[in-house]
Amino acid sequence: MKYHKLKAGETTGTYVMESPVTEADILQMAQQLAMSRLSKGRALTEPKQLFSHLQTLLQYHEYEVFALLLLDTKHRVIGFRELFRGTLDGACVYPREVVKIALEHNAAAVIMVHNHPSDDPEPSQADRTLTATLKNALNMVGIRILDHVVVGHEGCVSLAERGYL
Numbered sequence: 001m002k003y004h005k006l007k008a009g010e011t012t013g014t015y016v017m018e019s020p021v022t023e024a025d026i027l028q029m030a031q032q033l034a035m036s037r038l039s040k041g042r043a044l045t046e047p048k049q050l051f052s053h054l055q056t057l058l059q060y061h062e063y064e065v066f067a068l069l070l071l072d073t074k075h076r077v078i079g080f081r082e083l084f085r086g087t088l089d090g091a092c093v094y095p096r097e098v099v100k101i102a103l104e105h106n107a108a109a110v111i112m113v114h115n116h117p118s119d120d121p122e123p124s125q126a127d128r129t130l131t132a133t134l135k136n137a138l139n140m141v142g143i144r145i146l147d148h149v150v151v152g153h154e155g156c157v158s159l160a161e162r163g164y165l
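Counting in UniProt numbering, the sequence shown runs without a single skipped number right up to 165 at its last residue.
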């Protein structure tokens, strides 16, 4: 990974600043690093790390974003796709489009993710209903939903951990 103001440090996973950076630079670098951690072929083994990467990618949007993390049969990343953008308090998610994208990428499983710009990652009744609808739609074509993660500024909530899957 190459950044214009960073270079790799002597220890793996460390970086050295070549010049002063702004907050915007730091946020951009964090998002690029998070995307690289969700790049094709990566195995997902640590839920807490996954939540951290998803939070880095989505927590600063001022509007709701719904995305899919597409996975193969061994739960390695195929890709991360933002599918729908909405308003401050909602986004229209179309099950047909979710199924279509998952099939186009030959995904065996998906992790759904969306942010709550209001900061509170607590899943709403609409989030739980959407999860059930998409689970049914994807099950019809043999694709498993492993989780639906809601991202807020203070953290992430897993609907799987809450028992909604």
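Ideal Cβ placement from N, Cα and C applies to all residues, glycine included.
| task | Note down, one range per segment and in chain order, each alpha helix (DSSP H) of at least 4 residues found wholly within the stretch 75-114. | result | 95-104
| task | Measure the Cβ-Cβ separation of P121 and V150 and say whether it is below 7 Å. | result | yes
| Who are G155's beta bridge partners in DSSP? | G152
| Candidates G152, E10, Y63, R96: which alpha carbon is nearest D89's? | Y63
| request: Could you check the C-alpha separation between D147 and N136 for me, to the nearest Å? | output: 14 Å
| Helix, strand or coil for L165 per DSSP? | coil
| message | Here's the rule: buried if 16 or more other CB atoms are within 10 angstroms of the residue's CB, otherwise exposed. What is N115? | response | buried
| request: In angstroms with no decimal places, state the Cα-to-Cα distance between E97 and R76. | output: 22 Å
| message | By the DSSP assignment, the alpha helix (DSSP H) with A132 in it spans what residues? | response | 125-139
| message | Could you check whether V65 and L54 sit closer than 7 Å to each other, using their CB atoms as the reference points? | response | no
| field | Interface flag, P20 vs chain D, CB-CB below 7 Å | value | The question asks about chain D, but that chain is absent: this structure has only one protein chain.
| query | Given C92, which residues of its chain have a CB within under 8 Å of its CB, disregarding the five upstream and five downstream residues? | reply | F84, G86
| First and last residue of the uninterrupted beta strand (DSSP E) at V21 | Here V21 belongs to no beta strand (DSSP E), and DSSP marks it neither H nor E.
| request: Determine, using beta carbons only, whether H153 and D127 come nearer to each other than 7 Å. | output: no
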